[in-house]
Each structure stands twice: as structure tokens, then as C-alpha cells.
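Once you know that position 216 of the sequence shown is 216 in the numbering used here, the rest is easy, because the numbers rise by one and skip nothing.
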Amino acid sequence: MTRLVLLLLTGLLLPAAPATAAEPPAAWGPLSFLEREIAPGEKRKFSYQLSRTFEGSFLDTAVFVARGQRAGPTLCLTAMIHGDERNGFEIAREVFATTDATRLAGTLIALPAANVHGFRTGSRYMPDRRDLNRAFPGSGSSNTALVASIIFAGLREQCAVLVDLHTGSFERANLPQVRVDLANPHALDLARHFGAAVVLGGAGPKGSLRRELMDAGIPAIIYEAGLPLRFEPQEIAAGVQGTRNVMIRLGMTTGNATAPTPPDRVFSRSGWARVPVGQGGVFYPARELGAEVRRGDVIARIYEPFTDERFEVSAPLDGYIVGMAVPQVVFSGYALVHIAQP
Ligand SMILES: [Zn+2]
């Protein structure tokens with residue numbers, strides 16, 4: 001009681017700040033995040049409890065934080081929001097491992113395995129079979145919505161910029177590419193400076209982390225590269241370099257950035273070549289990721305196993321192949337080849 005009175009009195013005795021004085025810039029100091037304090041120049045890895053799973057164990061997610069020695073922006077990296085998309089885990093891990101907090105300006109926050117359950121089981125989805133990347137900002141009572149709301153609140157509070165790391169879904173591979181809402185100049189600038197072969201425009205689906213953070217005013221880009229369920233060294237290396245390029249662009253670190261994506265490799269539209277109606281069989285691509293194609297070019301072949309018939313699939317438009325299914329059995333209407341259109 002006495003202590004409280006003393007505190008109150010002390011408060012009353014302190015001279016009030018002049019109301020007209022300009023607010024001084026906040027001093028750079030430790031970061032308070034998820035009930036931890038990370039000092040300038042310090043790197044921390046910890047596990048954060050998101051929610052209790054149905055069997056009573058905890059669903060934890062790893063959080064990596066590097067607090068720079070000097071003031072600067074906060075770059076957030078998220079990976080494995082789709083729990084089978086593993087390349088992003090290695091990108092986030094490697095970028096964090098090679099970041100020297102004593103030479104960093106700003107803060108690097110990485111969630112290398114946002115969907116921990118999916119990482120453990122190789123599933124794209126959450127334990128309740130929902131897609132975490134359609135659940136942001138997180139409302140409702142589902143387990144996925146709860147996890148989404150906790151992740152979203154933390155990121156919205158901290159991030160100046162988000163890089164979200166993905167791969168193709170299921171049996172499809174993506175040419176390393178960055179996806180961004182072309183209407184946002186800051187996000188587009190970062191997307192181009194990532195330095196991927198291709199930048200593909202689009203706002204992203206409602207409920208995706210990128211779209212919802214953009215709507216909350218935070219520039220957000222996606223790096224998409226390779227296949228799910230694999231660790232692919234080339235795609236990972238390009239993602240690590242691209243993230244470094246973004247950090248250099250943001251003034252967080254120094255170094256030699258690779259060249260930005262040239263303007264003629266920034267595409268606003270794309271389309272899919274699909275299995276023609278009523279056809280199907282064993283699919284083989286006839287062209288490679290990154291190939292330039294003209295409308296009508298043969299880009300794939302399908303072998304019908306009973307009749308031994310061979311179907312050719314042609315490009316529905318001019319452009320560049322930015323995504324493609326791997327050889328597999330395919331059915332009528334299945335999306336085979338993704339073509340970005342100039
Ligand atoms: Zn994904």
C-alpha cells in the first residue's frame with residue numbers, strides 16, 4: 001500500500017512533458033515479442049505455444065528472432081504455412097543462420113514452420129484439414145482459425161515487410177518466382193529486387209497471409225519455388241539470395257545483391273493448359289520450366305494406357321512456363337502447365 005502511494009506521489013512529482021514538444025524518436029532497444037525480450041545484437045530461437053491439440057499435447061511453432069544492433073525495419077519470413085512445402089523451411093533457417101545480429105540494422109523474425117503439424121506429417125493442411133493460408137486474419141472457433149489469429153496478430157504488430165515462402169502444390173513444380181500485388185509500388189519494388197526469374201502479379205486469394213497483411217498496410221510478397229515434400233538445393237539457394245537481396249534493399253544489411261527481375265519478366269496475367277475434356281492417362285511434359293512458348297506449341301503428351309492413343313496438349317497462349325505438373329496419371333480438366341503471359 002505504502003509502495004503504491006509512493007509510486008503515485010512520485011508520478012505526481014515528475015515534471016509533465018511539454019505538450020507542444022515533438023515526440024523524440026523511440027530509442028533502439030530490446031524487442032518484446034511473444035513474452036520474450038531480445039536484446040540488440042542478439043539472436044534467439046524459441047518455441048511458441050499456439051494452441052492445445054485435441055489429444056492434449058501442445059502445438060508449438062518455432063520462432064527465430066535476430067534483433068539488430070542498429071535501428072531499422074522488421075523483415076518477417078514465414079514458411080510452411082502449407083505444411084508440405086519444405087523448401088521455405090530451409091530458406092528461413094539459412095537466412096537466419098547467416099544473419100549477424102551485431103551487424104544488422106532492424107529485426108529479422110522468421111516462422112520457419114508455421115504449420116508444425118503439416119511439417120511432421122507431410123500434410124499441406126492443418127490438423128482439422130483446413131488450409132491455414134485461407135484462414136487469415138483468423139476468425140471463428142476452429143483450431144486453424146485460432147492459430148491463424150495468433151500468427152496474424154504477431155506479424156501485423158511487428159512486420160514492416162513480409163516474405164512468405166511457398167512451393168508448388170501437390171505434384172506440381174514452380175519455376176522460382178515472386179508473386180505480388182502489382183498495384184502496390186513498394187511491394188512491387190521489393191518483389192523485383194528479390195531477383196527471381198519471374199514476377200507474377202495478383203492480389204492473392206482472400207484469407208491468404210499475403211493478401212490480408214497487404215490489406216492491413218504491410219507490403220507482402222511470396223516466393224514460390226520447386227516442389228512440395230522436398231528440399232531442393234537450387235530453389236533454396238535462390239530463395240536465400242533473394243531474401244538477402246530484399247534485406248539489402250531495405251537497408252538492413254550490406255553485400256552484393258543480384259540483379260532485380262527485369263521489367264519484361266514482370267507478368268500481370270497467366271493461364272493454365274489443362275487436360276482436354278474427356279481425355280486422360282499418363283502425362284509427360286514436352287517443355288521445361290522457364291521455356292518460352294507460342295500458342296499452339298506442343299507442351300505435353302498424354303498416353304492413354306488402354307488404347308495406346310497419344311494425345312498432344314498445346315499451349316493455350318503465348319508466354320513463359322512458370323509451373324508444371326510432374327509426370328503422373330492425369331484426368332480430364334487437370335491443370336498441367338502454368339503459363340505467364342506478357
Ligand atoms: Zn503454398
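Cβ atoms here follow ideal geometry from the backbone N, Cα and C, with glycine treated the same way.
Here the structure is a predicted model, which is why all the values come from computation and not from measurement.
> Looking only at C-alpha atoms, which of 233, 164 and 253 sits nearest to residue 224?
Replying inline: Check the Cα spacing between residue 224 and each of 233, 164 and 253: the tightest is with 164.
>> Helix, strand or coil for residue 324? Go by DSSP, reduced to three states.
In response: If DSSP states are grouped into helix, strand and coil, residue 324 belongs with the strands.
>> Using a Cβ-Cβ cutoff of less than 7 Å, which residues in the same chain neighbour residue 135 once the five nearest sequence positions on both sides are dropped?
In response: Listed in chain order, the non-local C-beta contacts of residue 135 below 7 Å within the same chain comprise 144, 145, 148 and 207, local neighbours out to five positions each way being set aside.
> How should residue 264 be labelled, buried or exposed, when 16 other C-beta atoms within 10 angstroms of its C-beta is the threshold for buried?
Replying inline: Its Cβ having fewer than 16 others within 10 Å, residue 264 is exposed.
> Does the Cβ-Cβ distance between residue 104 and residue 66 come in under 9 Å?
Replying inline: Against a cut-off of 9 Å, the Cβ pair of residue 66 and residue 104 comes out as a contact.
> What number of angstroms, rounded off, separates the C-alpha of residue 246 from the C-alpha of residue 217?
Replying inline: Distance from the CA of residue 246 to the CA of residue 217, rounded to the nearest whole angstrom, comes to 18 Å.
>> Using a strict less-than 7 Å threshold between each residue's beta carbon and the heavy atoms of ligand 1, what residues do you get?
In response: Going along the chain, the residues that qualify are 81, 82, 85, 133, 166, 167 and 169.
> Who are residue 32's beta bridge partners in DSSP?
Replying inline: When DSSP reads this structure, residue 32 sits in a beta bridge with 37.
> So, do the stretch 274-294 and the stretch 243-262 have three or more beta carbon pairs nearer to each other than 8 Å?
Replying inline: Verdict: no, contact absent.
>> Output needed for residue 201: all residues of its chain with C-beta closer than 6 Å, excluding positions within five of it in sequence on either side, in chain order.
In response: Setting aside the 5 residues that flank it on each side, residue 201 is surrounded in the same chain by 182 and 268, each with a C-beta closer than 6 Å to its C-beta; the list follows chain order.
> So does the stretch 329-336 actually touch the stretch 278-292, counting three or more Cβ pairs closer than 8 Å?
Replying inline: Using a Cβ-Cβ distance cut-off of 8 Å, the stretch 329-336 and the stretch 278-292 are in contact, since at least three pairs of beta carbons, one from each stretch, lie closer than that value.
>> Tell me the DSSP secondary structure of residue 166 in three-state form.
In response: Note: residue 166 maps to strand in three-state DSSP.
> So what does DSSP say about residue 74, is it helix, strand or coil?
Replying inline: It is a strand residue.
> Excluding sequence positions up to five away, which residues of its chain have a Cβ less than 8 Å from the Cβ of residue 60?
Replying inline: Cβ neighbours of residue 60 beyond the five flanking positions: 47, 48, 49, 50 and 116.
> Which stretch, first to last residue, makes up the beta strand (DSSP E) that contains residue 106?
Replying inline: Unbroken beta strand (DSSP E) run through residue 106: 105-111.
> By DSSP, does residue 95 sit in helix, in strand, or in coil?
Replying inline: The three-state secondary structure of residue 95, taken from DSSP, is helix.
> Assuming residue 339 contacts residue 287 under a Cβ cut-off of 8 Å, what Cβ separation, rounded to an integer in Å, is found between them?
Replying inline: About 10 Å separates the beta carbons of residue 339 and residue 287, which is beyond the 8 Å limit, so they are not a contact pair.
> Taking C-beta to C-beta, are residue 368 and residue 244 nearer than 9 Å?
Replying inline: The structure shown does not extend to residue 368, since the chain is modelled only from 1 through 342, so no value can be given for it.
>> Is the beta carbon of residue 89 closer than 9 Å to that of residue 119?
In response: It is a contact, given that the beta carbons lie within the stated cut-off.
> Among residues of its own chain, excluding the 5 on either side of residue 248, which ones have a beta-carbon nearer than 6 Å to its beta-carbon?
Replying inline: So the list reads 255 and 257, once near-sequence residues are dropped.
> Contact check, residue 222 vs residue 178 under 8 Å by CB: the rounded distance?
Replying inline: Yes, they are in contact, since the Cβ atoms of residue 222 and residue 178 sit about 7 Å apart, within 8 Å.
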